[in-house]
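Chemist: For any residue, its number in this note's numbering is found by taking its place in the sequence shown, counting from 1, and adding 2.
Think of the CB as a built atom: it goes at the ideal place given N, C-alpha and C, for glycine as much as any other residue.
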Amino acid sequence: MAATQEPRPPLEQLEALLTQAMAGRPRQLNWGQPQLMSQSLERVRDALGGRRAMDKGQRIARGLMAFRIQGSNTDFVHLKYACQGLALPMDWESRQLLADEAQVQRLLQRVLDFRHDRRRFAACYQGLLASFQRAMETEFPAGSAIARNRELLRQFLQQAQDEPPAARHPPPRTHP
3 MAATQEPRPP
13 LEQLEALLTQ
23 AMAGRPRQLN
33 WGQPQLMSQS
43 LERVRDALGG
53 RRAMDKGQRI
63 ARGLMAFRIQ
73 GSNTDFVHLK
83 YACQGLALPM
93 DWESRQLLAD
103 EAQVQRLLQR
113 VLDFRHDRRR
123 FAACYQGLLA
133 SFQRAMETEF
143 PAGSAIARNR
153 ELLRQFLQQA
163 QDEPPAARHP
173 PPRTHP
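Structure follows, in structure tokens:
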């Protein structure tokens, strides 16, 4: 007479199935070697076309577009790239965000929203500084929107540099 086995509890069945499925795999995945695992993960990210798969110009263009659409609701990552692209001609008409006074005001105000997060504020500040330096390389007619906004940007950068993060307040308005 053959002995009948009692069914195993579901958790034991699951454990047996997982043990069987994972047999031999950790060696194949470089288990326990973080650097090799990170490299594998990076290859997967690149293959799936994540943010890192885009070059910097694409990220800046995407950040500027996101800011133009979302304005004060723009998330930090897109805002950081919008700051970097403030003085770059980015669309099919070679428009610069720096030429739009309302958008510049909105961008600077959004950057101030991160003034209590030193790391994020610093990333935006660096992007704005790079944009300011780029804008200084080009001559604009005195009194033009770009010239006024470049001066506003200079004042904002100077103020942010001079004051501790907690004391920062909104950028000065250019007109009532």
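(1) Tell me which residue opens and which closes the alpha helix (DSSP H) that E103 is part of.
(2) Around the Cβ of N151, are there at least 16 other Cβ atoms within 10 angstroms (buried) or fewer (exposed)?
(3) For V113, which of R47, Q98, I62, F69 has the nearest alpha-carbon?
(4) Could you say which of L19, A18, A84, D119 lies nearest to K58 if we only look at CA atoms?
(5) Does the separation of the CB atoms of D115 and S74 fall below 9 Å?
(6) Work out the CA separation of A63 and Q135 for me, nearest whole Å.
(7) Please classify F134: does DSSP put it in a helix, a strand, or coil?
(8) Between the Cα of L81 and those of G145, R122, L38, spot the shortest distance and give me the residue it belongs to.
(9) Is the Cβ of S133 closer than 9 Å to any Cβ of chain B?
(10) Taking only the alpha-carbon atoms, compute the straight-line gap between Q72 and A125 and give it to the nearest angstrom.
(11) Could you spell out where the alpha helix (DSSP H) holding D164 opens and where it closes?
(12) The alpha helix (DSSP H) spanning R10 covers which residue range?
(13) What would DSSP say about F69, mapped onto helix, strand or coil?
(14) In terms of residues, what are the limits of the alpha helix (DSSP H) holding H80?
(15) Give the secondary structure of Q22 by DSSP, where H, G and I count as helix, E and B as strand, and everything else as coil.
(16) Compare the Cα-Cα distances from Q128 to each of Q157, Q86, A23, S40 and report the closest residue.
Modeler: Working from what's here:
(1) 103 to 114
(2) buried
(3) Closest by alpha carbon: F69.
(4) Of the candidates L19, A18, A84, D119, A84 places its Cα closest to the Cα of K58.
(5) Contact: yes.
(6) So the alpha carbons of these two residues sit roughly 19 Å apart.
(7) helix
(8) R122
(9) The structure shown has no chain B; it contains just one protein chain.
(10) The C-alpha of Q72 lies about 20 Å from the C-alpha of A125.
(11) 147 to 164
(12) Neither: R10 is in no alpha helix (DSSP H) and is coded neither H nor E.
(13) helix
(14) 78 to 86
(15) helix
(16) Q86
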